[in-house]
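S.K.: Heads up, the sequence shown is in this note's numbering, so the first residue is 10 and it goes up one at a time. Heads up, the beta-carbon is just placed ideally off N, CA and C, and yes, glycines get one too. I'd like to ask you about the structure that follows.
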Amino acid sequence: MYNKDAFDSYLKQHHDRFVDEFAQFIAVPSVAADGRGIQPMADLLAERFRKLGARVTQYPLPGGSPVVYAELDGSSNSTMLIYNHYDVQPEVPLNLWDSDPFKLTIKDGVMYGRGTSDDKGELLSRIQAVEAWLQTQGPLPCNIKWVAEGEEEISSINLPAWTEAHRDMLKADGVLWEGGGYDTLGRPTMAAGCKGIAYFELHADGAKMDLHSSVAPRVPNPAWRLVWALSTLKNEHDQITIDGYMDQVAPVSASLAAAINALPTDGYAPELEMWGLSGWLNGMDDVAAQLRSYTEPTVTICGIETGYTGKGSKTVLPAHAYAKVDCRLVPDLTVATAQKLIREHLDRRGFTDIELRLIGGEEPADSPMGSRIQQAAVTACHETFGKEPLIYPRFAGSGPMYPLSTMLNIPVISAGATWHPNARAHSPNENIFVKDYVDSMRFTASLLSHFGA
């Protein structure tokens, strides 16, 4: 058992400095999509790890952002692998922000800025928790291996190969993942897995320039061509109709269904209200919606661009049309299989002219329920928040959990305090509560204590 009073006193004493450090992290853009600020952020992070006394290495990746890897020795033989990322989403559209996205703004107990919740707030608060532990408790209760990447927001394209090349270095007894938080009713949430994702662009081409729309009776329209192709992927009942796609999905086990159905659904009504919706897709009830969210794959049109979309009218026949589509994957549907099935499906229907580009992908990951690191996280949750957490077998979202957990055969848990239902990750006015930022440090210390015991 660690000295909580000494730890909390240190947090209070250094609160202003910790927030100033957070502002420095937010001030560096580190946008993975275009590379802005990536190397300066990696350097800043590496230096912060060194201040802990960690052994730090930056691993350059081909055409990508470096992995910042840090190691700290503890007083036991147990080893925790921690995953975070230092890259962020693009800040656009700027006009929807109430403050500068790269200037930490604090208002009414909330800290705003790009990366506050996803994922710099959690990353830095964990680092600061380790500092507070070392200064108030002495040696860490377990060894720490920390992987902080800069490509999470672009599907962690280099992480699987990097992980494979460093298997021996990454051996651990449990993985602490990013993304812990709480639901609309304030209940802590954890997850032992996540869906995968395959992100595609579909392109259709016509004439070499936009044409006057009067030629429509005799000139192919790539916008219609793309719409017709997309319409074959799902039907009006929201059922995926890609040939063989659903055949790849492993049956939902009785234990998985039971674990999901045991979770409460009373948090969904506030969610609907927050999103401005009157009900779920196709009139599903909360129980059906919850089970579907965590067990079924998806095919989602994220955006379509073609022709003229400005104010007023402009009568054109577009030269080009493209759509962005993401496919959330569940076992045993892989990125490569999804790509192959969609390509073959389109070709069978005469859409050989539609170009299918794989932009990025991550495999689905499941981890055993009841693992040692999960048990330590549950105990830390009781100790920090005084509440029983909701434990999801997998998140409905995606992340690079597969290489660092499934590939290495290490149990994983996503747990913490920094994600809340209105954190607006990936959106304007991304935010984190000041209280949650501090609670993240307290939770991290408690988790380290119980995992290393």
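Please specify which runs of the beta strand (DSSP E), each continuous and at least 3 residues long, are wholly inside the region 254-327, giving them in chain order.
M.R.: Counting whole runs of 3 or more residues, the region 254-327 contains the beta strand (DSSP E) stretches 309-315.
S.K.: In this structure, how does DSSP classify C336 when only helix, strand and coil are distinguished?
M.R.: Note: C336 maps to strand in three-state DSSP.
S.K.: Judging by CA-CA distance, which residue of K444, A462 and L457 is the nearest neighbour of M27?
M.R.: A small correction: the amino acid at residue 27 is Phe; Met does not occupy that position in the sequence shown. Ranking the options by Cα distance to F27, first place goes to K444.
S.K.: Given that a residue counts as buried once 16 or more other Cβ atoms are within 10 Å of its Cβ, and exposed if not, what is T172?
M.R.: The residue is buried, with at least 16 neighbouring Cβ atoms inside 10 Å.
S.K.: Do you know how far the Cα of D341 is from the Cα of R366?
M.R.: So the alpha carbons of these two residues sit roughly 22 Å apart.
S.K.: For P169 and Y303, which I take to be in contact (beta-carbon distance under 8 Å), what is that distance rounded to the nearest angstrom?
M.R.: So it is not a contact: roughly 23 Å between Cβ atoms.
S.K.: Answer with buried or exposed for D356, where buried requires no fewer than 16 other C-beta atoms within 10 angstroms of its C-beta.
M.R.: So D356 ends up on the exposed side.
S.K.: Report yes if the C-beta distance between D362 and R234 is below 9 Å; otherwise report no.
M.R.: Yes, Cβ-Cβ distance for D362 and R234 is below 9 Å.
S.K.: Using a threshold of 9 Å, state whether the C-beta atoms of G159 and I91 are closer than that.
M.R.: No. Outside cutoff.
S.K.: Can A297 and W284 be called in contact, C-beta distance under 9 Å?
M.R.: In this structure, W284 does not lie closer than 9 Å to A297 by Cβ.
S.K.: Use the C-beta contact count for G147: other C-beta atoms within 10 angstroms, 16 or more gives buried, fewer gives exposed.
M.R.: Exposed is the call here.
S.K.: Would you mind sorting E100 into buried or exposed? The rule is 16 or more other CB atoms within 10 Å of its CB.
M.R.: With 16 or more other Cβ atoms within 10 Å, it is buried.
S.K.: Could you compute how far the alpha carbon of T346 sits from the alpha carbon of V308?
M.R.: Distance between the alpha carbons of T346 and V308 is about 14 Å.
S.K.: How far does the alpha helix (DSSP H) with H24 in it extend, from its first residue to its last?
M.R.: H24 to A36 is the span of the alpha helix (DSSP H), which, as asked, contains H24.
S.K.: Can you tell me which of the three DSSP states S449 falls into?
M.R.: Three-state result, S449: helix.
S.K.: Specify the secondary structure class of F3 as computed by DSSP and reduced to three states.
M.R.: The chain is shown only over 10 to 462; residue 3 falls outside these bounds and no answer can be derived.
S.K.: Roughly how many whole angstroms lie between the Cα atoms of W106 and P437?
M.R.: Spanning the two alpha carbons is a distance of roughly 5 Å.
S.K.: From the DSSP secondary-structure annotation, give me the bridge partner or partners of C203.
M.R.: According to DSSP, C203 bridges with A374 and F404.
S.K.: If you draw a straight line from the C-alpha of M178 to the C-alpha of I153, how long is it?
M.R.: Roughly 12 Å between the two C-alpha positions.
S.K.: When the Cα of L123 is compared with those of L239, V40, L53 and D335, which residue comes out closest?
M.R.: It should be pointed out that residue 123 corresponds to Arg in this sequence rather than to Leu. The shortest Cα separation from R123 among L239, V40, L53 and D335 belongs to V40.
S.K.: For the alpha helix (DSSP H) that E140 lies in, which residues bound it at each end?
M.R.: Note, E140: alpha helix (DSSP H), K129 to T145.
S.K.: Shortest alpha-carbon distance to E439 belongs to which of I115, N12, L61 and T274?
M.R.: Cα-wise, what sits closest to E439 is I115.
S.K.: Terminal residues of the continuous alpha helix (DSSP H) containing E392?
M.R.: Where E392 is concerned, the enclosing alpha helix (DSSP H) stretches over R381 to F394.
S.K.: Just how far apart, CA to CA, sit Q67 and A181?
M.R.: So the two alpha carbons sit approximately 20 Å from each other.
S.K.: Roughly how many angstroms separate the alpha carbons of G370 and Q22, rounded to a whole number?
M.R.: If you take the alpha carbons of G370 and Q22, they lie about 43 Å apart.
S.K.: From N270 to A389, what distance separates their C-alpha atoms?
M.R.: Taking the straight line from one Cα to the other gives about 24 Å.
S.K.: May I have the straight-line CA-CA distance separating M10 from Q383, to the nearest angstrom?
M.R.: About 18 Å.
S.K.: What residue from G195, I35 and H94 has the CA that sits closest to M410's CA?
M.R.: The residue with the shortest Cα to Cα distance from M410 is H94.
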